[in-house]
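Below: the structure, in structure tokens.
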Amino acid sequence: MLTLFPQSQTLLGKRVSSLVGNDLKVLKDGTVTGTLKKVTGYTDFSSNPEEQSGYYFPFKLTKTGTKMTLKKNGVAQPGKENMTFDPEIIFRVTKTDKFAVEVDGKPVVTFNFQKSTFK
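The numbering of the sequence shown is our numbering, which starts it at 972 and goes up by one.
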């Protein structure tokens, strides 16, 4: 379903180790445990200044497909429906958010961050 990136990998100009701790895990039910680190100035993530700071969760889908939809709290934001499939994803998250990934119209995973540590 998915894998986590090595701490040494760089995604959109930031090392994974600057985004998350090496204790990060995803349980079978989509619960994310471990440390999410506060990031500022993440300009390669978004051109919107409001989205350049916060907590980010990077992962890579092992399931493949042609189209994907990303939902935050049950709703796909504009431009996040039926996108061209890309297995490498970074979500900007809070403790109360739930994020879902659908591939070719079928649910793949829904993440929750209730048990994550936000530092």
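Glycine is no exception: its CB is placed at the ideal position from the N, C-alpha and C atoms.
Residue range of the unbroken alpha helix (DSSP H) whose run includes residue i
i      : result
Val987 : 987-990
Neighbourhood of residue i by C-beta, 6 Å cutoff - its chain only, sequence neighbours within 5 removed
i       : result
Leu1007 : Val991, Tyr1026, Ser1087, Phe1089
Phe976  : Val987, Pro1029
Val997  : Val1003
Met1039 : Met1054, Phe1056, Val1074
Presumed contact (8 Å Cβ cut-off) between residue i and residue j, rounded CB distance
i      : j       : result
Val937 : Asn1053 : It is not possible to answer for residue 937, since the shown part of the chain is limited to 972 through 1090.
Leu995 : Phe1016 : Leu995 to Phe1016, Cβ: 18 Å. No contact.
Gln980 : Asn993  : The pair is not a contact, with the Cβ atoms about 12 Å apart (cut-off 8 Å).
Range covered by the beta strand (DSSP E) that runs through residue i
i       : result
Thr1091 : Any question about residue 1091 goes unanswered here, given that the chain covers just 972 to 1090.
Val1072 : 1069-1074
Val1064 : 1059-1064
Other residues of its chain near residue i: CB distance less than 8 Å, five sequence neighbours each side excluded
i      : result
Met972 : Leu1032, Thr1033, Lys1034, Val1079, Val1080
Thr974 : Phe1030, Lys1031, Thr1033
C-alpha distance - residue i paired with residue j, whole-angstrom precision
i       : j       : result
Thr1037 : Lys1077 : 12 Å
Asp1057 : Gly1001 : 19 Å
Phe1022 : Gly1005 : The sequence given here has Glu at residue 1022, not Phe. About 22 Å.
Lys1066 : Pro1049 : 22 Å
Residue-chain proximity (residue i, chain C), Cβ-Cβ < 8 Å
i       : result
Thr1067 : Although the question refers to chain C, the structure presented lacks it and comprises just one protein chain.
Original post:
Touching or not, the segment 1020-1030 and the segment 1056-1063, by the rule of three or more beta carbon pairs under 8 Å?
Top reply: Verdict: yes, contact present.
Subject >> At least 3 beta-carbon pairs within less than 8 Å: the segment 1037-1055 vs the segment 1009-1023 >> reply: At 8 Å Cβ cutoff, the stretches do not touch.
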